[in-house]
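I have placed the structure first, in the form of structure tokens, so that the comments after it can refer back to it.
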Amino acid sequence: MRRTSNRLADGREIIYFDDSVEAPERTAADRRDLPERDPRPEMRRDPLTGEWTVLAAHRQARTYKPATSDCPLCPSRPGSESEIPESGYDVVVFENRFPSLFGPPGELSGVPAESARAAGRCEVVCYTDKHDGALKDVDLTRMDTVLLALADRTAELGALPGVKQVYCFENRGEAIGTTLPHPHGQIYAFPFIAPRTQRMLEMAAAADTHPMGTLLAAEHADGARVVHRGEHCSVIVPVAARWPVEVLVVPHRQVGTIGELTEDERTEFGAFYLDLLDRLDRYHGQELPYVAAWHQAPVDTDPKLSWLHLQVFSIQRTPDKLKYLAGTESGAGVWISDVTPESIAERLRSL
157 MRRTSNRLAD GREIIYFDDS VEAPERTAAD RRDLPERDPR PEMRRDPLTG
207 EWTVLAAHRQ ARTYKPATSD CPLCPSRPGS ESEIPESGYD VVVFENRFPS
257 LFGPPGELSG VPAESARAAG RCEVVCYTDK HDGALKDVDL TRMDTVLLAL
307 ADRTAELGAL PGVKQVYCFE NRGEAIGTTL PHPHGQIYAF PFIAPRTQRM
357 LEMAAAADTH PMGTLLAAEH ADGARVVHRG EHCSVIVPVA ARWPVEVLVV
407 PHRQVGTIGE LTEDERTEFG AFYLDLLDRL DRYHGQELPY VAAWHQAPVD
457 TDPKLSWLHL QVFSIQRTPD KLKYLAGTES GAGVWISDVT PESIAERLRS
507 L
């Protein structure tokens with residue numbers, strides 16, 4: 157893999173990750189006349205729950221479902237300049253033009269809610285220059301480049317002042333809320349630890365052995381919720397799955413981040429990920445909307461408390477029905493599922 161860093165017209169960083177060192181040099185300049193960046197996102201802490209809300213009103217102006225000819229994630233071509241100046245690319249990462257998090261940390265202030273600048277960084281990760289492609293369609297070499305790019309960004313963003321957690325994810329499908337169909341993911345460098353991650357840290361701290369290790373042993377012994385088991389990784393349905401389709405890809409060895417995987421572990425993980433995405437698109441016989449969420453160790457926390465895993469879930473409960481988060485889920489935080497984890501695993505194994 158080859159890594160090349162450059163700058164866009166407004167100063168944002170863009171990084172090319174090429175499958176091979178033999179790829180063309182990435183020297184194209186961004187010749188657009190872009191306005192100076194001045195996003196001012198804010199975060200406020202709920203005094204009742206202690207959780208942070210990010211306020212990013214400037215994102216109302218972000219690109220929304222453009223025509224294919226105006227896609228900002230496709231390579232630039234004469235007469236149509238995009239966010240990527242090159243005429244082609246393998247994997248590319250760049251700073252989001254409409255970030256939810258931006259800049260260095262600021263002081264807390266305010267009553268009744270604590271508030272501060274929503275510091276951090278938001279990046280976009282394009283998996284391919286093919287507009288009508290999908291992550292599931294890339295080969296193993298490209299998937300490895302994607303994983304190496306995520307590992308690179310996790311390490312670099314985690315070193316920024318004020319960053320507490322690096323969260324990599326993909327929203328796929330219009331039903332999920334995706335406004336740009338070009339296959340891509342995102343990376344958020346949070347100035348706080350996300351609530352789900354904080355809860356997992358607390359559960360691990362209270363246990364004699366890490367809950368994920370205990371879970372893997374139990375799932376391997378039972379087998380009912382195991383979709384696939386390899387030498388280095390397993391694909392399992394969570395025993396208390398919340399979503400109509402929900403799956404975890406978990407390394408057998410405890411590591412905190414993607415970058416800690418060995419080459420063999422990373423290769424198998426990537427292969428299992430691609431296989432899972434292919435099965436998901438056959439689950440209901442149509443392209444499945446999903447969220448893919450990477451759960452990695454937060455910055456400067458006890459490494460014994462984190463266990464890297466990928467969570468992939470969908471709101472599609474039948475071919476023509478979606479799961480909506482209504483009164484119990486949205487209001488009380490109590491989840492009610494219409495399907496059993498065992499039936500999800502059985503369906504995935506059959507595909």
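If you read the sequence shown in this note's numbering, its first letter stands for residue 157, the second for the next number, and so on.
Every residue gets a Cβ at the ideal spot worked out from N, C-alpha and C, and that includes glycine.
Since the structure is predicted, the reported quantities are computational estimates derived from the model, not experimental observations.
Beta strand (DSSP E) containing S499: first to last residue? Counting along the chain, S499 falls outside any beta strand (DSSP E), though it belongs to the alpha helix (DSSP H) covering 497-506.
In the structure shown, what three-state DSSP assignment does Q452 receive? coil
Go ahead and pull the three-state DSSP assignment for F428. helix
Taking the beta carbon of G341 as the centre, do at least 16 other beta carbons fall within 10 Å, making it buried, or is it exposed? buried
Do L504 and V391 have their C-beta atoms closer together than 9 Å? yes
A184 versus D194, D308, R163, R435, residue with shortest Cα-Cα distance: R163
Quick test of your reading: M359 and V406, contact by CB under 8 Å. State the CB separation rounded to the nearest angstrom. No, M359 and V406 are not in contact; Cβ-Cβ is about 15 Å, not under 8 Å.
Spatial neighbours of V302 within its chain, please: C-beta separation below 6 Å, excluding the five flanking residues on both sides. V247, Y283
To the nearest angstrom, how far is it from the Cα of V411 to the Cα of H366? 11 Å
Below 8 Å on the Cβ atoms is my contact criterion, and I expect F250 with E181 to pass it. Report the Cβ-Cβ distance as a whole number of Å. 18 Å between Cβ atoms; not a contact.
Quickly, what does DSSP pair W208 with across the bridge? List them, please. R201
Touch test, the stretch 468-484 against the stretch 373-382, Cβ-Cβ under 8 Å, three pairs minimum: no
For D174, list the residues DSSP reports as bridge partners. R158
Can you say whether H376 is buried or exposed, counting buried as having 16 or more other CB atoms within 10 angstroms of its CB? exposed
Straight-line gap, T335 to R218 (C-alpha atoms, nearest Å): 9 Å
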